[in-house]
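Asks: The numbers in full-length UniProt numbering rise by one with no breaks, and the one at position 236 of the sequence shown is 236.
No residue lacks a Cβ here, since even glycine has one placed at the ideal position from N, Cα and C.
I have a structure I would like to understand better, so I am pasting it below and will then ask my questions one at a time.
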Amino acid sequence: MTRCVLVVDECSGGAIATPHDEGAGSCASESSEPVRSVARSHVGSLRSVTTCASRTRGHRTPLQNWKRRRARRQSAVPRAAEGAELVIVSIPQKNVVDLPAGILSGAVAGAPVIETNNYYPQQRDGLISAIEDGQTESGWVQEHLGVPVFKAFNGIWWKHLLEKGLPEGAEGRIALPIAGDDDANKQVVFDLINQLGFDPVDAGTIDDSWRQQPGTPVYGKDFDREATLKALAEASPDRTDEWRATTTV
Numbered sequence: 001m002t003r004c005v006l007v008v009d010e011c012s013g014g015a016i017a018t019p020h021d022e023g024a025g026s027c028a029s030e031s032s033e034p035v036r037s038v039a040r041s042h043v044g045s046l047r048s049v050t051t052c053a054s055r056t057r058g059h060r061t062p063l064q065n066w067k068r069r070r071a072r073r074q075s076a077v078p079r080a081a082e083g084a085e086l087v088i089v090s091i092p093q094k095n096v097v098d099l100p101a102g103i104l105s106g107a108v109a110g111a112p113v114i115e116t117n118n119y120y121p122q123q124r125d126g127l128i129s130a131i132e133d134g135q136t137e138s139g140w141v142q143e144h145l146g147v148p149v150f151k152a153f154n155g156i157w158w159k160h161l162l163e164k165g166l167p168e169g170a171e172g173r174i175a176l177p178i179a180g181d182d183d184a185n186k187q188v189v190f191d192l193i194n195q196l197g198f199d200p201v202d203a204g205t206i207d208d209s210w211r212q213q214p215g216t217p218v219y220g221k222d223f224d225r226e227a228t229l230k231a232l233a234e235a236s237p238d239r240t241d242e243w244r245a246t247t248t249v
């Protein structure tokens, strides 16, 4: 039984959905569904799930109510990962810098941390200079969190994550790439993805994680293992115009 902690934002803007999917980029009802889908899929195998919110933006609520809720959220966030054996971070890329220092310090030593984020500079996040200058999106998240991370789940729509899992060995099983540096914990992530009904594919280290970023051949595709490996091999590290910032924030 694994205690999993989910760090989400109530208006995550579809952290795993592509920007072209319905509801992505807005505070839709499925805004936190990516990681909640993982939780639902693990009912019976997760001992507990804690969901917290990072700094939330854009809610149309009375200011005083918003301030009270925000204060409660922010007081809870630093304790979010207490006792966690697995952490999944799924928030807008721009909000990573708003997470309190040491947010994951309460997790079990060596607990794997999965980040599902995508950098949407034109659609949501604005300019993040380090990423525009060539740092991988996950490398940037890892730097701010202060712990090693795995990039996974970032290219699959949440509904497909919830509904399209198949038994191991089934024809047409969707493959999901995983990038990260810790081989032992990478196997933990592999096992999680396999249990969810998908084929895990090793996408290399965090320095290689650009191969599954938005705009690459594998991103947003429900490929099988063979097609996923081919798409990863064909990826270019150069960001296309669609996935570059056009204005400074």
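(1) Taking all protein chains shown into account, do 16 or more other C-beta atoms lie within 10 angstroms of the C-beta of Pro92, making it buried, or fewer, making it exposed?
(2) Determine the extent of the alpha helix (DSSP H) in which Thr235 is found, giving its start and end residues.
(3) Between the beta-carbon of Pro200 and the beta-carbon of Leu176, is there less than 8 Å?
(4) Considering only the beta carbon of each residue, do Glu242 and Gly215 sit closer than 8 Å?
(5) Any idea what DSSP makes of Ala107, helix, strand or coil?
(6) Leu192 by DSSP, collapsed to three states: which one?
(7) Quick check on this structure: which residue in Thr246, Val96, Gly110 has the alpha carbon closest to the alpha carbon of His144?
(8) Closest to Leu99 by CA distance: which of Val89, Val108, Ala107 is it?
(9) How close, in whole Å, do the beta carbons of Asn118 and Glu137 come, if the pair is a contact with beta carbons under 8 Å?
(10) Would you call the CB atoms of Val87 and Gly155 closer than 8 Å?
(11) Could you tell me if Pro167 is buried or exposed, where buried requires 16 or more neighbouring beta carbons within 10 angstroms of its beta carbon?
(12) By alpha-carbon positions, which one of Gln142, Gly126, Pro121 ends up nearest to residue 265?
(13) Taking DSSP's pairing of strands, which residues face Lys151 in a bridge?
(14) For Gln195, count neighbouring C-beta atoms within 10 Å of its own C-beta (all shown protein chains included) and say buried if the count is 16 or more, exposed if not.
(15) Which residue comes first and which comes last in the alpha helix (DSSP H) that contains Leu161?
(16) What does DSSP give as the partner residue(s) for Pro200 in the beta ladder?
(17) With distances taken between CB atoms, is the gap from Gly169 to Phe198 smaller than 8 Å?
(18) Say whether the segment 176 to 195 touches the segment 121 to 135, bearing in mind that this needs 3 or more beta-carbon pairs closer than 8 Å, one atom from each stretch.
(19) Is it buried or exposed, Pro237, if we count other Cβ atoms within 10 angstroms and call 16 or more buried?
(20) Pick helix, strand or coil for Trp66, following the three-state DSSP scheme.
(21) With DSSP run on the structure shown, which of helix, strand or coil describes Arg124?
(22) Taking just the CA atoms, how far does Thr246 sit from Leu46?
Replies: This is what the structure holds:
(1) buried
(2) Looking at the sequence itself, residue 235 is Ala, so the reference to Thr does not match. Counting along the chain, Ala235 falls outside any alpha helix (DSSP H), and DSSP gives it neither H nor E.
(3) yes
(4) yes
(5) coil
(6) helix
(7) Val96
(8) Val89
(9) 7 Å
(10) no
(11) exposed
(12) Here the chain covers residues 1 to 249 and nothing more, so residue 265 does not appear.
(13) Glu115, Ala179
(14) exposed
(15) 158 to 163
(16) Leu176
(17) no
(18) no
(19) exposed
(20) The predicted model places Trp66 with a pLDDT of 41, which falls under 50 and marks its position as unreliable; any figure quoted below should be read in that light. Residue state, collapsed to three classes: helix.
(21) helix
(22) Residue placement at Leu46 is flagged as unreliable, the pLDDT there being 48, under the threshold of 50; a coordinate-derived value is accordingly withheld.
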